[in-house]
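Undergrad: I am attaching a structure below and will ask some questions about it afterwards.
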Amino acid sequence: MAEYRSRWNTDDVEEFRDLARQFCRKELAPNQQRWAEQKSVDRDLWTTAGQVGLLCLSIPEDYGGGGGSFAHEAVLLEEQAASGDTCWGVGLHNAIVAHYILAYGTEDQKQAWLPKLASGEWVGAIAMTEPGTGSDLQNVTTKAIRDGDSYVINGAKTFITNGGQADLAIVVTKTDPSLGADGISLVVVESGRAGFRRGRVLDKIGLHGQDTAELFFDDVRVPATNLLGTAEGQGFGQLMQQLPQERLLIGITSVAALEAALHDTLTYTRNRQAFGREIFSFQNTRFTLAEAATEARVCRVFLDDCISRHLDGGLDVATAAMLKWWCSDRAMHVIDNCLQLHGGYGYMSEYRIARAWTDQRVQKIYGGTNEIMKEIIARTL
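Start counting the sequence shown at 1153; every next residue gets the next number (the working numbering).
Structure follows, in structure tokens:
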């Protein structure tokens, strides 16, 4: 099959891919089992990545970032998936947390926080989901009430990626609970604040090595200058502006996982024999893999179009929702078929296809469930 190259994948970006690939193969791939057992990556992975220049890739150099584009973020996520790693929450740190601060932070906030995120001295998280609210962000109950020159925060968050290691969390709060969505504000909380507590690192059916934790806020007092934006009540709009990029990240990791599963299954079926011949030679295997290769190409072309639109500033909310639900759904379908072709070995956790199957399932849920994505799309029809 002819080699396919994404049109956003310039020579500069491809040169960066070599660095990302070497780092992922050396620092990520060998540690999967150990990180799964400890439920997080090693803390010094972050500082090592910062030294290499893999953190805050698309943040300007003035703030310690790499000065690159979203294309560099996409390449790192692709190489991370190709290495078989789903433990390191770098996509959220780089392309979500840092970009909220870049987009809505004051100059003082950007100078104070972004260089620490870029060096790996700090790990970033965003605390949206609550025990009683999933995709329904308008109804969060965590409160940040103004008291003089401070906000006093009370509430609980769950399913927070990087939550166990985070030094900085962007917290979705209600600064005026009477106003619904218009009362939502984003407030930054540093981990050393009195009253800030981490709960357990959660047990999940997949993503075993990813640090996903509960966070609790009991009268946590932060300076009023930790508000993101120029006034209270801007948080819901800020979330809606940034969520397309988050959903684009899910599309990238889903397509990369699909492509990795296809590659692994082609290798397996060509080396494994049954009834005296390689599994790849059976018609069912060949047809299944032909379908998988077609799905991979369709998803890749759609993803590349979305990345190109985003690089040009034109990725709209509905298209990002289409990408998120379609690619996460098709990746799960293809990975399931690839697992089936591995037979009993596909159910063994030491095989990458087994981990890919359990890890992929959540992509249909987080970033807004796929059902919510369809609702978003339907509103534009």
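All C-beta atoms, glycine included, are put in the ideal place defined by N, C-alpha and C.
To test your reading of the DSSP string, which unbroken beta strand (DSSP E) runs of 3 or more residues are found completely within the region 1435-1484?
TA: If we require 3 residues or more, the region 1435-1484 turns out to have no beta strand (DSSP E) run fully inside it.
Undergrad: In terms of residue numbering, what span does the beta strand (DSSP E) encompassing residue 1306 cover?
TA: Counting along the chain, the beta strand (DSSP E) containing residue 1306 begins and ends at 1302-1313.
Undergrad: In its own chain, which residues sit with a C-beta less than 7 Å from the C-beta of residue 1440, not counting the 5 before and 5 after it?
TA: Same-chain partners within the cutoff: 1489 and 1493.
Undergrad: Is the beta carbon of residue 1377 less than 8 Å from the beta carbon of residue 1470?
TA: For residue 1377 and residue 1470, no; Cβs fall outside 8 Å.
Undergrad: Which two residues bound the contiguous alpha helix (DSSP H) that contains residue 1234?
TA: Looking at the DSSP string, the run of the alpha helix (DSSP H) that includes residue 1234 is 1222-1234.
Undergrad: Round the Cβ separation of residue 1404 and residue 1250 to the nearest angstrom and send it over; I've been treating them as touching at under 8 Å.
TA: In fact, because the Cβ distance is near 17 Å, the residues do not count as touching under 8 Å.
Undergrad: For the pair the region 1354-1367 and the region 1316-1324, tell me if three or more CB-CB distances fall below 8 Å.
TA: Taking 8 Å as the limit for Cβ pairs, the verdict is that the region 1316-1324 does touch the region 1354-1367.
Undergrad: For the ligand COA, is there a heavy atom less than 7 Å away from the beta-carbon of residue 1217?
TA: Here there are no bound small molecules, and the ligand COA is not part of this structure.
Undergrad: Here's the rule I'm using: 16 or more other beta-carbon atoms within 10 Å means buried, otherwise exposed. How should residue 1499 be labelled?
TA: Residue 1499 comes out exposed.
Undergrad: Please state the DSSP three-state secondary structure of residue 1195.
TA: Three-state result, residue 1195: coil.
Undergrad: Compute the distance between the beta-carbons of residue 1480 and residue 1528, then report whether it is under 8 Å.
TA: No, the pair does not count as a contact, with Cβ atoms beyond the cut-off.
Undergrad: Excluding the five sequence neighbours on either side, which residues of its own chain have a C-beta within less than 7 Å of the C-beta of residue 1187, listed in chain order?
TA: Excluding positions up to five away in sequence, the list reads 1193, 1239 and 1361.
Undergrad: For residue 1295, which option in 1384, 1156, 1522 and 1266 has the closest C-alpha, if you only look at C-alpha atoms?
TA: Checking every option, the nearest Cα to that of residue 1295 belongs to 1384.
Undergrad: Measure from the alpha carbon of residue 1191 to the alpha carbon of each residue in 1444, 1473, 1356 and 1475, then state which is nearest.
TA: It is 1356.
Undergrad: Return the CA-CA distance between residue 1386 and residue 1278, expressed in angstroms with no decimal places.
TA: Computed Cα separation, rounded: 16 Å.
Undergrad: May I ask you to list the residues that DSSP assigns as paired with residue 1276?
TA: Paired residues: 1320.
Undergrad: Quick one, which of 1174, 1307 and 1312 has its alpha-carbon nearest residue 1326's?
TA: Selected option, being the one with the closest Cα: 1307.
Undergrad: Taking the CB atoms as reference points, tell me whether residue 1158 and residue 1468 lie closer together than 8 Å.
TA: Taking 8 Å as the Cβ cut-off, residue 1158 and residue 1468 do not qualify as a contacting pair.
Undergrad: On the CB-based measure, 16 or more other CB atoms within 10 Å of its CB, does residue 1246 come out buried or exposed?
TA: Buried, by the Cβ-count rule.
Undergrad: Is the separation between the beta-carbon of residue 1298 and that of residue 1231 shorter than 8 Å?
TA: No, the Cβ-Cβ distance between residue 1298 and residue 1231 is not below 8 Å.
Undergrad: Could you pull out every residue in the same chain whose Cβ sits closer than 6 Å to the Cβ of residue 1235, ignoring the five residues on either side in sequence?
TA: Closer than 6 Å at the Cβ level, and outside the excluded window around residue 1235, lie 1176, 1177, 1180 and 1181.
Undergrad: What's the gap between the Cα of residue 1272 and the Cα of residue 1407?
TA: Going from the Cα of residue 1272 to the Cα of residue 1407 covers about 27 Å.
Undergrad: Since I believe residue 1313 is in contact with residue 1281 (beta carbons under 8 Å), could you give me their beta-carbon distance rounded to a whole number of angstroms?
TA: The pair is not a contact, with the Cβ atoms about 10 Å apart (cut-off 8 Å).
Undergrad: Determine the burial state of residue 1443: buried for a count of at least 16 other Cβ atoms within 10 Å of its Cβ, exposed for fewer.
TA: Its Cβ having fewer than 16 others within 10 Å, residue 1443 is exposed.
Undergrad: Decide if residue 1453 is buried, meaning its Cβ has at least 16 other Cβ atoms within 10 Å, or exposed.
TA: So residue 1453 counts as exposed.
Undergrad: Starting from the C-beta of residue 1252, find all residues in its chain whose C-beta is less than 8 Å away, skip the five residues before and the five after it, and write them out in chain order.
TA: 1278, 1322, 1338, 1380, 1390 and 1394.
Undergrad: Since residue 1486 contacts residue 1414 with CB under 8 Å, what's their CB separation in whole angstroms?
TA: Going by Cβ atoms, the distance from residue 1486 to residue 1414 rounds to 7 Å, so yes, they are a contact pair.
Undergrad: Would you tell me roughly how many angstroms separate the C-alpha atoms of residue 1160 and residue 1461, rounded to the nearest one?
TA: When rounded, the distance between both Cα atoms is 10 Å.
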